[in-house]
Amino acid sequence: MKKFLSLFLALLMVLSVCSFATAESKEPVHLVWFMYTASETPIDWPEVEALLNEYSAEKIGVTCEYKYMDETQIALATQTGEYFDIAFTCDWWNDYATNVAAGMFLQLDDQLDKVPALKDSVLPLAWEGAKVNGGIYAIPHMKDIGYEVFWILNTDYFLNQKGFEKDQYISFEGIEPYFEAYKKDNPDDYPFKMSWGGITSWQNCLVDWLNMDYLVGLEWEAQGTENEHVVKSALEIDAWKNRLRKIHEWYQKGYINPDAAVTESMPRAQAGVVQSGQGWFGAETVWANVIKQPIYISRYDGAYLSTSSIRGSMTAISSFSKYPEEALKLVELMNTDPWYRETARYGIEGKHYTRNDDGTVTRTELGSSNMGVQAYAQGHYTVGALEASPFPEVPTDIHQWEKTMAGYADATLSAAMGFTPDLAPVETECLAIKSIIEEYRRELYTGTSDPDVVIPEMLARMNEAGLEKVKAEIQAQLDAFLAK
Amino acid sequence: MSQQSDSTLTVSGSGMKRFNSIRQSTNIVYSILFILLAFLCVVPVVFVIIISFSSEASIGKVGYSFIPAEWSTDAYQYVWHLRNTHGIPTVVMAFLTSIGITVVGTLLGLTLISTMGYVLSRPNFKLKKFYTFLIFIPMIFHGGLLSTYVVNTQLLNLKNTYWALILPLCCSSFYVIIMRTFFQTTVPDEIIESGKIDGASQLRIFVQLVLPISLPALATIALFLTFAYWNDWYQASLYIESNQHDLFPLQYVLVNIEKNIQYLANNDMAMSANNNALPSETMRMAIVVISVVPIMFSYPFFQKYFISGLTIGAVKG
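In the order they appear, the protein sequences are chains G and S. Note that my numbering gives residue 260 to position 260 of the first sequence, counting from 1, and the numbers run on in steps of one. Note that my numbering gives residue 38 to position 38 of the second sequence, counting from 1, and the numbers run on in steps of one.
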C-alpha cells in the first residue's frame with residue numbers, strides 16, 4: 001500500500017512539472033509602433049493590422065499596434081512620455097537628432113548582430129548617416145537616400161518629333177540644344193517654366209548643406225581635396241555661381257517664362273516640355289503619373305550622399321522599451337519579409353490590390369482611398385513588390401532599387417557625415433542672413449536678375465550681418481566633431 | 001407725452017418728431033453707405049459659394065470668377081464619397097458628432113457659467129473674494145499645452161472620449177465675469193427680495209425669477225459657446241487618436257481633407273492613384289461652405305432672444 005502511495009505521489013509530481021512546462025508556451029509580446037500620417041489612420045488599417053499580427057505572432061511571437069500621428073500628436077506623445085517600442089523618425093518629424101540627445105532612442109550598435117538579416121539589408125555607407133556621436137540610434141530606410149537630380153523630358157516632343165537620341169546623362173549645360181529646338185518651333189512659348197522657387201533641387205548637388213535656410217555648407221566639388229571641410233556660404237562657391245549665370249543666360253534667351261519670379265506655383269502638369277526633379281532612376285513612373293504625359297528622365301547631377309539625405313526616413317527603437325529584442329525582430333520582419341512589407345504598404349491582396357504578371361501590383365479603388373499609407377515611413381523600398389505605373393507608356397522598372405543602390409557605390413559621400421550644426425549661438429545673425437536671402441532669391445533663382453550684380457551685393461550685406469561669425473561657429477563645431 | 005410716445009421713425013410729422021428726425025437727403029446718404037457696407041460683407045460669402053460650385057477646369061481657365069466657365073459639384077461629391085468602415089459618409093457622421101458636442105457643450109457651459117456668475121454676483125456670498133480670485137487667475141496665466149495635455153490624458157483619462165472635446169471649452173473665466181457683471185447690473189435686488197419674502201429657495205429664485213430676465217446675456221454666451229464648439233478642431237487633434245474615425249468632429253474631418261490635399265500637392269513622390277484630378281481649389285471653398293452655412297443659419301435663432309430680452313421690463317412702477 002505504502003509503495004503504491006509513494007509511486008502515486010511521485011507520478012503526481014512528475015505530471016505537475018510537465019504541465020508547468022507546457023504552460024510555458026508564450027503569449028505573443030505586444031508592441032507599440034508610432035507611425036507617420038499626414039492626417040489620419042487609413043480607414044481599413046484595423047483589418048490589415050489584424051492580418052499582420054496573425055502573421056507576426058506565428059513567425060516571431062510578436063503583435064504590434066500601429067499608432068498613426070501627425071506632427072503635433074507625436075510631439076505631445078514623446079514629450080509626455082507615452083509608451084512606445086518603435087517609432088518612425090527623420091529630420092522633419094519626431095526629430096532624430098533632438099530625440100537622441102534627449103536619450104529617447106536605444107543605441108543599436110551591439111544589438112544589430114542579433115538581427116543579421118536587417119543589418120545586411122541596409123547599405124553599409126548608410127549607417128554612417130544614421131550615426132550621432134559615433135553611435136547608431138536608428139535604422140535608415142533603403143529608398144532614394146542620395147541626391148540625384150534629373151531632367152524630365154517630354155517623350156513625344158523630343159524623341160518622336162524632333163528625333164533626339166535618348167540620353168541618360170545630359171549635363172546641366174547640355175540641355176540647351178533641347179531648349180533651342182523647342183524655342184524655334186514655339187517662339188512665343190517657353191520650354192522651361194518655373195515658379196519663384198526656381199529649378200527644383202538645382203543646388204543640392206553643388207553644396208553639401210549644413211543649413212539650407214542660411215545657404216551655408218561644404219563644397220561638393222572640394223570632396224577628397226584638403227579643402228573638403230571648409231565651411232562656406234553658397235555665394236562663395238564657384239559651381240553655384242556659374243550655374244546661376246547659366247540660368248540667367250537662359251532667361252535672357254527666352255527659355256524661361258519672364259514672370260517666373262512672381263509666379264506662385266507651377267504644378268508639374270502645366271510646366272512644359274523640360275522640367276527638373278530630384279529622384280532616382282525609376283522615378284519616371286511617379287513623375288509621369290503627375291505630369292500625365294509620357295516622359296523620360298536624364299540625370300545631370302549626382303549621386304551625393306549626406307547626413308540629411310540619409311536621415312530622410314528612419315526607424316528607431318525606444319530606450320524605454322520593455323522588449324527591445326522583440327522590437328528589433330519586428331523591424332527586421334518589416335524590412336526583410338516581402339509578404340509583411342507588401343501587406344503593410346498596399347493592404348489585403350485581392351481587396352486593396354491585385355498582383356500583375358510582371359511582378360508589380362496595382363491598387364484597387366478601395367486600396368487607393370482606404371489604404372493611403374506613407375510607404376517610405378514604414379520601411380525599405382527594396383523589399384516587396386513595386387506599384388505598377390498607372391501610365392502604361394512609362395512602365396515601372398522592377399529592378400530600379402537594385403540599380404539605384406548599386407549606383408550609390410560610386411556616390412560622393414559628405415565630408416560632414418553625421419554632423420548637424422547647432423545654430424543657437426548665432427541665431428540673430430542667421431535670421432538677418434535669411435531675410436537678405438529672402439529679398440533676392442526669387443529673382444536670382446529664376447534668372448531674372450544678373451548674378452554678377454546681385455551676388456556681390458548679397459555677400460557684402462551678409463558679411464555686414466555677421467556671415468563670418470556664423471561660418472566660424474559652424475567650422476569650430478565641425479572641426480570638434482571630426483576630431484572625435 | 002402720450003402723442004409723442006408712438007414711433008419716431010417717420011420723417012414727416014409735427015413738433016418733437018420732426019426735431020428728432022433726420023433730413024431726407026442725409027437719410028439717403030446713410031442708407032447708401034450701409035448698403036455698401038452690407039454688400040462688402042455679403043459678396044465674399046456669395047463668391048465663395050459660387051466658386052465651390054464651379055469645376056476645377058473652370059478655375060484653371062478663368063480663375064476665380066462670379067460666372068464660372070463650367071458649373072459642377074465635384075468638390076461636394078468628393079467629400080460625400082469619403083466613407084468610414086461602416087459605409088456611412090464620413091461627413092455625415094462628423095456632422096452628427098459636431099451637433100451633439102455643440103448642443104451638450106453649450107448647455108453644460110451655460111449651466112456652469114450662469115450658476116457661477118450668479119453666485120459671484122450676490123453681495124452676501126461669504127467666499128466671494130476667494131472664488132473671484134480663483135476664477136481670475138486662469139484668465140491671466142495659462143498652464144501651457146503640455147501640462148493641460150498631461151492633466152487631461154493622464155489624470156482625467158479623457159483621451160479618445162467625447163468629454164475631451166466638450167470639457168476643455170465649456171467654462172471660461174471671461175464668460176463667468178460677464179455673467180456676474182450682468183447679474184449685478186441688470187437684475188434688480190427687488191426681484192430677489194420678493195422671491196425671498198415669498199419663501200422661495202435659492203435655486204428657485206435663480207431658475208424661475210432671475211434666468212427668465214437674463215435671456216440676452218444667456219443668448220450671448222450661448223452664441224459664443226456654439227461658435228467655439230462648432231469651429232473647434234484643435235481639441236480633436238490633440239485628444240482623439242487618428243484611428244478613432246467615429247469621434248471626429250466636422251471641422252477636424254475638413255481640416256484633415258485639407259491637409260491631405262496639401263500633402264499630395266506638395267509631394268510628387270506621394271504617388272497614388274488619388275492624384276488624378278483632385279478638385280483642390282474648389283474643395284477648399286466647399287469645405288468653407290460646409291463649415292459656415294450651418295452656423296449661419298443658427299444665428300437668427302439666437303437673435304430673437306436678444307430682442308425679446310431687451311424689451312421685457314421687470315420692475316413695474
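Cβ coordinates follow ideal geometry from the N, Cα and C atoms, glycine included.
Contact the segment 93-106 of chain S vs the segment 195-213 of chain S: 3+ CB pairs below 8 Å: No: fewer than three Cβ pairs fall under 8 Å.
If you reduce the DSSP assignment to three classes, tell me which class Pro177/G lands in. Three-state DSSP puts Pro177/G in a helix.
Would you say the segment 137-156 of chain G touches the segment 266-280 of chain G, given that touching needs at least three Cβ pairs under 8 Å? In short, these stretches touch, since the Cβ pair count reaches three.
Using the Cα positions of Ala415/G and Val361/G, report the straight-line distance between them to the nearest angstrom. Using only the alpha carbons, I get a separation of about 39 Å.
In the segment 84-137 of chain S, which residue ranges form an unbroken alpha helix (DSSP H) of at least 4 residues, counting only runs that do not cross its ends? 90-121, all fully within the segment 84-137 of chain S.
Pairwise C-alpha distance: Asn204/G and Leu218/G: Going by C-alpha positions, Leu218/G is about 11 Å away from Asn204/G.
Flag this pair as yes or no: are the beta carbons of Gln260/G and Thr446/G separated by less than 8 Å? The sequence given here has Ala at residue 260/G, not Gln. Yes, they are a contact pair.
Counterpart residues of Val29/G in DSSP-defined beta bridges: According to DSSP, Val29/G bridges with Val62/G.
So is Lys304/S buried or exposed if we call it buried at 16+ other beta carbons inside 10 Å? Exposed, by the Cβ-count rule.
Against Leu238/S, what residues of chain G qualify as contacts under a CB-to-CB distance less than 8 Å, listed in chain order? Those within 8 Å of Leu238/S in chain G are Thr72, Gln73, Leu76.
For the segment 232-287 of chain G, list the beta strand (DSSP E) runs that are entirely contained and at least 3 residues long, ordered along the chain. Whole beta strand (DSSP E) segments, 3+ residues: 274-278.
What are the residues that DSSP puts in a beta bridge with Arg355/G? Looking at the DSSP output, Arg355/G shares a beta bridge with Val361/G.
So, is Trp250/G buried or exposed, given that buried needs 16 or more other C-beta atoms within 10 angstroms? With 16 or more other Cβ atoms within 10 Å, it is buried.
Using a cut-off of 7 Å between C-beta atoms, extract the partners of Glu241/S located in chain G. Within 7 Å Cβ-Cβ: Lys67.
Starting from Asp156/G, follow its DSSP beta bridges and name the residues at the other end. Bridge pairing for Asp156/G: absent [DSSP].
Is it the case that the segment 172-188 of chain S contacts the segment 212-220 of chain S, given that we only count it when at least three CB pairs across the two stretches are under 8 Å? Yes, the segment 212-220 of chain S is in contact with the segment 172-188 of chain S.
Closest Cβ-Cβ distance between Gln79/G and chain S: below 8 Å? With 8 Å as the cut-off, Gln79/G counts as an interface residue toward chain S.
Please identify, using Cβ separations under 8 Å, the residues of the segment 38-49 of chain G that lie next to chain S, in order along the chain. Within the segment 38-49 of chain G, the residues whose Cβ lies closer than 8 Å to any Cβ of chain S are, in chain order, Ala38, Ser39, Glu40, Thr41, Ile43, Asp44, Trp45, Pro46.
Kindly say whether Asn260/S, judged by its beta-carbon, lies nearer than 8 Å to any beta-carbon of chain G. For Asn260/S, the answer is yes, since a Cβ of chain G falls inside 8 Å of its Cβ.
Per-residue burial, Asn99/G [other beta carbons within 10 Å of its own, 16 or more giving buried]: Asn99/G counts as buried, since no fewer than 16 other beta carbons sit within 10 angstroms of its beta carbon.
Can you tell me whether Asn260/S is helix, strand or coil according to DSSP? Judged by DSSP in its simplified three-state form, Asn260/S adopts helix.
Are the beta-carbon atoms of Arg355/G and Val383/G separated by less than 8 Å? Cβ distance not < 8 Å, so Arg355/G and Val383/G don't count as in contact.
In chain order, what residues of the same chain lie with their CB nearer than 6 Å to the CB of Ser72/S, ignoring the 5 residues before and after it? Contacts found: Ser55.
Could you work out which residues of chain G lie near His86/S, taking near to mean beta carbons separated by less than 9 Å? Residues of chain G with a Cβ closer than 9 Å to the Cβ of His86/S do not exist; the shortest Cβ-Cβ separation is about 10 Å.
Beta-carbon gap between Val262/G and Pro191/G smaller than 8 Å: Pro191/G sits away from Val262/G, with the two beta carbons spaced by 8 Å or more.
Spatially closest choice to Tyr66/G from Phe224/S, Ile213/S, Pro123/S, Asn243/S, by CA coordinates: Minimum Cα distance to Tyr66/G is reached at Asn243/S.
Excluding the 5 residues preceding and the 5 following Gln477/G in the sequence, name in chain order all residues of the same chain whose CB lies nearer than 7 Å to its CB. Pro421, Asp422.
Out of Ser291/S, Leu247/S, Met285/S, state which residue places its alpha-carbon closest to the alpha-carbon of Thr226/S. With distances taken between Cα atoms, Thr226/S lies closest to Ser291/S.
In angstroms with no decimal places, state the Cα-to-Cα distance between Ser272/S and Ser39/G. Residue placement at Ser272/S cannot be trusted, given a pLDDT of 48 that sits under 50; what the coordinates show is reported in the next sentence. Those two C-alpha atoms are separated by around 16 Å.
Looking at Phe172/G and Tyr255/G, is the spacing between their C-beta atoms short of 8 Å? Result no, Cβ atoms of Tyr255/G and Phe172/G do not sit closer than 8 Å.
Please report the distance separating the alpha-carbon of Thr63/G from that of Ser56/G. Near 6 Å, if we compare the C-alpha coordinates of Ser56/G and Thr63/G.
With distances taken from CA atoms, which of Glu226/G, Trp196/G, Lys241/G is nearest Lys206/G? It is Leu, not Lys, that sits at residue 206/G in the sequence shown. Answer by Cα proximity: Lys241/G.
According to the Cβ coordinates, are Leu145/S and Tyr229/S closer than 8 Å? At a Cβ-Cβ threshold of 8 Å, Leu145/S and Tyr229/S do not count as neighbours.
Minimum length 4: unbroken alpha helix (DSSP H) runs contained in the segment 59-143 of chain G: Taking only runs of at least 4 residues, the alpha helix (DSSP H) segments lying wholly in the segment 59-143 of chain G are 71-79, 96-101, 116-121, 124-129.
What runs of the alpha helix (DSSP H), each 4 residues or longer, lie entirely inside the segment 30-69 of chain S? Runs of the alpha helix (DSSP H) lying entirely within the segment 30-69 of chain S and spanning at least 4 residues, in chain order: 56-62.
Can you tell me which of the three DSSP states Arg299/G falls into? Note: Arg299/G maps to strand in three-state DSSP.
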